[in-house]
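Residue numbers (the working numbering), protein chains in the order written: chain A, 1 to 309; chain B, 1 to 348.
Have a look at the structure below, then the notes.
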């Protein structure tokens, strides 16, 4: 009996150390990545200093590099994706949890999860062959004439490829994530609360507005930040459709680039030149920093919200 | 992204580690670099493998990566469309030699214009890629194409988004013929493009030109044929309008004085000659002069020796221009300077 207990104890201990080791490993990896990125980007940091962040120059021939167009493209494309995807996924999730009969909700739910499993290169192909020409023909011209007074909506668009189209593809890509998170969040709201609300005669919309969303807000925001993380680093699909131009312009329909598309495009070239390589590494470091800031913001936000409710 | 990046890097390291193991068999040669000659290299590698059982692994990762990988010794040979200068070769202990020549071709997608109909000269081409000429019915273009009815269509420039030897050859030409281009943009595998969208690889540019109306781009000739793109006629140094085809690439190559080019540093853009295609280029192989594994080196040289002797037909079929015999003679002479670590010659 004693021996068996002893055995259990040892096993427990070993298991504990394995878990500690694995957990620490994650920390070590994160730290190692950031140190490695920093060390490799030193040549670029020394050369350009902080002006790298807002310099719009990108001239590999003269070895002048600036990250402004990449940072702008990354943030704007991600922002557009979120703006489009959040309302859509909210509505889909509501339909699935509140309105649809299970016989419909289940297959639709599976279909949405299937969307998440499609490789990003497929989204890229779809974007370049179908969505971009469609945008050039039917979406961008009307938007440009509708918002003729907004300079950022103007500019010549080539074949529908640009930051906005990239944002739309990203929206489709993060839609399944957002939807399934929101569906799970809504499903977790206590049935008694919902039932009693319906009992006193509220409409579905009122239940949504006053119960589902306030109850699930922390989950929803968590989901938004999670999909933000995916959208911000998405590479292949974006590289296909963003137009890959380093010329800085605020105009959102025009060709641009993101940090990850730049890395994908220039890596082969940069490998040959320490300064160029440093520039690419620094871009990686900036992307890393952006994701960390997003994470911190989401934690901060959730904490504040958690206190309120 | 950060994860993906590191995954890719570690994967590459893993791959190269595997490669090193394979060296022991010496029946596999690993090379990497330019995508421009990839179609013909893979054809040669296939035929050679059938004949001799020696496998040539060629990764078309781009000229920049090819140079970087041979410098880091992760491959047995590197390949680049951009020749290295003699000083750089000496500094890193490399030798270089050309394998084939080919043409870079401006391609267009303009409604009503068929392949080979539109004529352009170097100034117009430079101005189009600088965004100074914005419409296809621009006066300058109309003046030299009186027989064509040009549409009032916007010009959409498509170029490479990745670092590329094709871009190097193309911008080398534009820098030679346009001082404005030389000053503002310059010559490189990646440059600061004044206008246009970027497609990844020759394929990416071809796909975009095919799809986007009013597009103009540049690709290696084989890709233009493959994608059935409409090429143009270009005015050469002698003032003649020439079509891109093997004959005109050959004409451009004919003037090259390889014997006077130290380290085979030779750029074939804007060559004289009545029939010369102005945007012609050679593609190069990079090898270490001191070989730590003589068996592998011998295999590499055997392979390229075989391609010079038996590979011309396959090259021509894919619209590349084989090296003339006089140049091959020079190359074989150069090979005699390759030694193993003890100083023994590898090629006799």
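All C-beta atoms, glycine included, are put in the ideal place defined by N, C-alpha and C.
Here the structure is a predicted model, which means the values were calculated and not measured.
Taking a beta-carbon distance threshold of 8 Å, residue 191 (chain B) counts as an interface residue toward chain A. Straight-line measurement puts the Cα of residue 81 (chain A) at about 4 Å from the Cα of residue 171 (chain A). Ranked by Cα distance from residue 237 (chain B), the options B:39, B:247 and B:271 are led by B:271. The Cβ of residue 212 (chain B) sits closer than 8 Å to at least one Cβ of chain A. Interface criterion met: the Cβ of residue 197 (chain B) is under 8 Å from a Cβ in chain A.
Residues of the stretch 60-72 of chain A with a C-beta atom less than 8 Å from some C-beta of chain B are 60, 61 and 62, listed in chain order. By alpha-carbon distance to residue 62 (chain A), the top candidate from B:183, B:327, B:29 and B:92 is B:183. Counting along the chain, residue 142 (chain A) sits inside the alpha helix (DSSP H) bounded by residues 140-146. Per DSSP, reduced to three states, the secondary structure at residue 56 (chain A) is coil, with no helix or strand assignment. Comparing alpha-carbon positions, the option among B:193, B:239 and B:120 lying closest to residue 107 (chain B) turns out to be B:120. Straight through space, the alpha carbons of residue 279 (chain A) and residue 43 (chain A) are spaced by roughly 8 Å.
Relative to the Cα of residue 244 (chain A), the nearest Cα in the group B:43, B:122 and B:199 belongs to B:199. Here residue 177 (chain B) is buried: its Cβ has 16 or more other Cβ atoms, across all protein chains shown, within 10 Å.
Under the three-state reduction of DSSP output, residue 340 (chain B) falls in the strand class.
Here the alpha carbon of residue 254 (chain A) sits roughly 27 Å from the alpha carbon of residue 231 (chain B). Chain B places a beta carbon closer than 8 Å to that of residue 271 (chain A), counting this residue as a contact. Selection B:244, B:277, B:181 and B:263 evaluated against residue 255 (chain B) yields B:277 as nearest (Cα-Cα).
Under the three-state reduction of DSSP, residue 161 (chain B) is assigned to coil, being neither helix nor strand. Relative to residue 82 (chain B), the option among B:320, B:187 and B:168 whose CA is nearest is B:168. In the DSSP assignment, the residues bridged to residue 101 (chain B) are B:282 and B:321. Note on geometry: alpha-carbon atoms of residue 99 (chain A) and residue 293 (chain A) lie some 37 Å from one another.
A contact is defined here as three or more CB-CB pairs under 8 Å, and the stretch 259-272 of chain A meets this definition with respect to the stretch 62-81 of chain B. In chain A, no part has a C-beta under 7 Å from the C-beta of residue 298 (chain B); the shortest such distance is about 28 Å. Within a 10 Å sphere around the beta-carbon of residue 251 (chain A) sit 16 or more other beta-carbons, which makes this residue buried. Among the residues of chain A, none has a CB under 8 Å from the CB of residue 219 (chain B); the nearest is roughly 16 Å distant. Minimum Cα-Cα distance from residue 132 (chain B) among the listed residues B:34, B:157 and B:166 corresponds to B:157.
About 20 Å separates the beta carbon of residue 340 (chain B) from that of residue 331 (chain B), a gap too long to meet the 8 Å contact definition. Residue 17 (chain A) carries a helical assignment under DSSP once its states are collapsed to helix, strand and coil. Cβ neighbours of residue 235 (chain B) within its own chain (closer than 6 Å, five residues either side excluded): 121 and 241. Buried is the label assigned to residue 290 (chain A), since at least 16 other Cβ atoms lie within 10 Å of its Cβ.
By the criterion of at least three beta-carbon pairs nearer than 8 Å, the stretch 162-176 of chain A is in contact with the stretch 110-119 of chain A. Annotated three-state conformation of residue 153 (chain B) is coil, per DSSP.
Under the DSSP assignment, residue 60 (chain B) falls in the beta strand (DSSP E) whose first and last residues are 55-60. If you check each beta-carbon in the stretch 262-295 of chain B against every beta-carbon of chain A, none falls closer than 7 Å. Excluding its 5 nearest sequence neighbours in each direction, residue 55 (chain A) has C-beta neighbours in its own chain below 8 Å: 48, 64, 65, 66, 67 and 68, listed in chain order.
DSSP, reduced to helix, strand and coil, places residue 208 (chain B) within a helical segment of the structure shown.
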